[in-house]
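Numbering (my numbering), first residue to last: 63 to 505.
These notes concern the structure reproduced below.
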Ligand SMILES: Nc1ncnc2c1ncn2[C@@H]1O[C@H](COP(=O)(O)OP(=O)(O)OP(=O)(O)O)[C@@H](O)[C@H]1O
Ligand SMILES: [Mg+2]
């Protein structure tokens, strides 16, 4: 991670890091204050007394002013307290745990994993690993990303060579633990990012198994933009006398505007094309309910001449990462994804999130639309609604505490008949294939 011989400003130029020096934040009410004094924004990052090598990484990343969650969470984390950190999407939660971890691990022996960060998706694990690498670039600390879908050998090799920080998805981490290629005995800090997701039924058994392998005497940090009450009770079981820092309300960021587009299921793709044609959009993230549909919609958009790709669990990990990288780089303008892309992903150019299919909960809505409007930017969220989605619309309106605007495109034929191969209705939740129009779609 060290880049010897280059000044921080040279690094910024050479690696075209994002500059955030002009970033401003809208005031966010703090609802549950952290205990003890905390630095004010004007003190900048100096007030945390981070090691100079870490401050060099902060500077190289272009961070000037700590965000509210960073201001409130970093001091207690540096004091060694357990913490639940809740703040809206795109408000800098990652650095709020990465910076204190780097600081703490600098004082420890090298070559042992001292901090473990758990992520729900592979792409998020990779992204967090990159943030650790970026912020720790001037330190001797090393990080490894551990997730499935790629060969295990390289990860084992990195672990054998010695790393201090591991960013892992639960399944592959357990593989390493069982094979004895990951030594958890020196882990002092555990971070569970997107904690409410990792504590839901799908992940909970794996999380429990991982916790059994870790030292009881450790610092545990949980972060998310949402935390339902039942999960909040559950997570408290694994924390020791935690500080809770909650910035703002657990709802979508205010800088994103919302609109509903009522439409029949079979007209969603034509409507999507009409919206893409009629609006100037920098980068668009489209969410579908199923992997199959993400693939199909991205194919349809490519067929119509758009630079589109899909991100969904049936693709190889190489294809998934390539699609995300191309989207980040701007060579792909539209990414059609399942909820695998709903949490944590940070692509600053996303101007629009379009829910082709309704998310399955208001929290899922918050995370999906949180892929835009990050770090003070504005964004737009469009949601296609069919008759069956009205209950969820009401729940989202309740969350936003405001009615959602319903839009109708003036020149769109809402009475058009289904095109050949178009879905007549949404795929069934029991996993059976959806009913399609009479002639099968071209393969
Ligand atoms: N102090 C800062 N100044 C400027 N930019 C920052 C600062 N801290 C973080 N950022 C940038 O803000 C963006 C969002 O940060 P991050 O991904 O950590 O958000 P998050 O709160 O974890 O969001 P999510 O809930 O979606 O996971 C990133 O591009 C990050 O580099
Ligand atoms: Mg995050």
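A virtual CB, placed ideally from N, CA and C, is assigned to each residue, including glycine.
Could you check how far apart the C-beta atoms of residue 272 and residue 235 are, in whole angstroms? I think they sit under 8 Å. Correct: roughly 6 Å between the Cβ atoms.
Assuming the contact rule is C-beta atoms closer than 8 Å, residue 405 and residue 256 should be a hit. Round their C-beta distance to whole Å, please. 5 Å between Cβ atoms; contact.
Reduced DSSP secondary structure (H/G/I, E/B, other) of residue 256: Coil, per DSSP.
So, with DSSP's three-state summary, where would you put residue 357? Assignment of residue 357 by DSSP, reduced to helix, strand and coil, places it in the helix class.
Tell me, please, which residues DSSP counts as bridged to residue 417. Paired residue(s): 349, 445.
Cβ shell of residue 307 (< 6 Å), same chain only, five flanking positions each side left out: For residue 307, where only same-chain residues beyond five positions count, the Cβ hits under 6 Å are 96, 134, 135, 147.
Between which two residues does the alpha helix (DSSP H) carrying residue 457 extend? If you look at residue 457, you'll find it in the alpha helix (DSSP H) that goes 452-462.
Shorter than 7 Å, the distance from the beta carbon of residue 125 to the closest heavy atom of ligand 1, or not? Flag set: Cβ of residue 125 near ligand 1.
I need the DSSP call for residue 328, collapsed to helix, strand or coil. Helix, per DSSP.
What do you reckon, are the CB atoms on residue 374 and residue 399 nearer than 8 Å? Yes, the pair counts as a contact, with Cβ atoms nearer than the cut-off.
For the segment 138-152 against the segment 215-226, do three or more pairs of beta-carbon atoms, one drawn from each stretch, fall closer than 8 Å, so that the two count as touching? No: fewer than three Cβ pairs fall under 8 Å.
Write down the C-beta distance between residue 162 and residue 139 rounded to the nearest angstrom, noting that I regard them as a contact closer than 8 Å. Contact holds; Cβ gap of about 4 Å.
Under a Cβ-count criterion, where at least 16 other Cβ atoms within 10 Å of its own Cβ denotes burial, should residue 184 be classed as buried or exposed? Label assigned to residue 184: buried.
So is the beta-carbon of residue 426 under 7 Å away from any non-hydrogen atom of ligand 1? The answer is no for residue 426.
In three-state DSSP terms, what is residue 367? In the displayed model, residue 367 falls within coil according to three-state DSSP, outside both helix and strand.
Given 8 Å as the limit, is there contact between the segment 326-339 and the segment 469-477, that is, 3 or more CB pairs closer than that? Enough Cβ pairs lie closer than 8 Å, so yes.
For residue 54, tell me which candidate among 349, 422, 360 has the shortest Cα-Cα distance. With the chain running from 63 to 505 in the structure shown, residue 54 is simply not present.
Which term fits residue 378, buried or exposed, when burial requires 16 or more other beta carbons within 10 angstroms of its beta carbon? Under the 10 Å beta carbon count, residue 378 is surrounded by fewer than 16 other beta carbons and is classified as exposed.
Rounded straight-line distance, which links the Cα of residue 344 to that of residue 428: Here the alpha carbon of residue 428 sits roughly 21 Å from the alpha carbon of residue 344.
Count the other C-beta atoms from every protein chain shown that fall within 10 angstroms of the C-beta of residue 228, then say buried if there are 16 or more, exposed otherwise. Per the 10 Å Cβ criterion, buried.
What does DSSP give as the partner residue(s) for residue 148 in the beta ladder? Beta-bridge pairing links residue 148 to 286, 308.
Quick one: grab the DSSP three-state call for residue 180. Here residue 180 sits in strand by DSSP.
Any heavy atom of ligand 1 closer than 7 Å to the beta-carbon of residue 408? Because some heavy atom of ligand 1 lies under 7 Å away, the Cβ of residue 408 counts as near it: yes.
Whole runs of the alpha helix (DSSP H) within the segment 150-224, excluding any shorter than 4 residues: Qualifying alpha helix (DSSP H) stretches, in chain order: 155-168, 184-197, 215-223.
What is the C-beta distance between residue 160 and residue 212, in whole angstroms, given that I count them as a contact (C-beta under 8 Å)? Actually they are not in contact, since the Cβ atoms of residue 160 and residue 212 sit about 23 Å apart, beyond 8 Å.
Mapping DSSP to helix, strand and coil, what is residue 233? Reduced to three states, the DSSP call for residue 233 is helix.
Examine ligand 3 and report whether any of its heavy atoms sits within less than 7 Å of the Cβ of residue 121. Of the ligands one can find in the structure shown, namely ligand 1 and ligand 2, none is ligand 3.
Residue 255: CB within 7 Å of a non-hydrogen atom of ligand 2: Taking 7 Å as the cut-off, the C-beta of residue 255 counts as close to a heavy atom of ligand 2.
Residues of its chain near residue 313, where Cβ-Cβ distance is below 7 Å and the 5 sequence neighbours each way are ignored: Apart from the 5 residues on each side of it in sequence, residue 313 sits with its Cβ closer than 7 Å to the Cβ of 428, 461, 462 in its chain, given in chain order.
Considering only heavy atoms of ligand 1, does any lie closer than 7 Å to the CB of residue 436? Correct: residue 436 has its Cβ closer than 7 Å to ligand 1.
Which one of 415, 407, 167 has the shortest CA to CA distance from residue 382? Of the listed residues, the one whose Cα sits closest to residue 382 is 407.
Thinking C-alpha only, which one of 467, 480, 371 is nearest residue 360? Ranking 467, 480, 371 by Cα distance to residue 360 puts 371 first.
Applying the criterion that 16 or more other CB atoms from any shown protein chain within 10 Å of the CB defines a buried residue, is residue 91 buried or exposed? Residue placement at residue 91 cannot be trusted, given a pLDDT of 34 that sits under 50; what the coordinates show is reported in the next sentence. Exposed: under 16 other Cβ atoms inside 10 Å.
If I measure Cβ to Cβ from residue 410 and keep anything under 8 Å in the same chain, skipping five residues before and after, which residues do I get? Cβ within range, chain order: 80, 436, 437, 439.
Does the beta-carbon of residue 403, which I'm using as the reference point, lie nearer than 7 Å to any heavy atom of ligand 1? Not one heavy atom of ligand 1 is found less than 7 Å from the C-beta of residue 403.
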